[in-house]
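Q:
Residue numbers (this note's numbering): 2 to 149.
1. Which runs of the beta strand (DSSP E) spanning at least 3 residues fall entirely within the region 16-92, listed in chain order?
2. Grouping DSSP H, G and I as helix and E and B as strand, with all else coil, what is residue 136?
3. With a cut-off of 8 Å, does the C-beta of residue 93 fall near any C-beta of chain D?
4. Is it the case that the region 127-135 contacts the region 39-49, given that we only count it when at least three CB pairs across the two stretches are under 8 Å?
5. Take residue 6 as the anchor and find which of 148, 94 and 72 has the nearest alpha-carbon.
6. Assuming residue 147 is part of the alpha helix (DSSP H), what are its boundary residues?
7. May I have the straight-line CA-CA distance separating residue 84 from residue 35, to the nearest angstrom?
8. Determine which residues share a DSSP beta bridge with residue 11 and list them.
9. State yes or no: is the C-beta of residue 63 within less than 8 Å of the C-beta of residue 17?
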């Protein structure tokens, strides 16, 4: 692993994130217990949808595969890609919402997440007012928000 130079604010090295596929804990507690009990008795899962793919515990999806990135002070970047390309996963790893399977993320300063578009925006406020409100929620002063 290489060190961050003094201008570097985000350094991502060989970052990978792998997810297990399947419906793990995706239903209600009642459905999960019904499915578990049926499996224990060797019966068909009463909550299985017709035509739904069955996954094993070894079925995985690699959302990020060996990502490397360095962002220096003053730089702005855009992350673009098709649905399922790993954009949101990368941002979730950066914000420590999820952990990487492999690799390393280092940064200077603080990173705040506003991943879900529209989350936390008040419909009766103007765009500018919403920006200041969300900045305050993130712990920023009015001066900091204005400077951004």
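For glycine and all other residues, C-beta sits at the position ideal for the given N, C-alpha and C.
A: The relevant details are as follows:
1. 61-73
2. helix
3. Although the question refers to chain D, the structure presented lacks it and comprises just one protein chain.
4. no
5. 72
6. Element bounds for residue 147: 143-148.
7. One Cα belongs to residue 84, the other to residue 35, and the distance between them is close to 33 Å.
8. 72 and 108
9. yes
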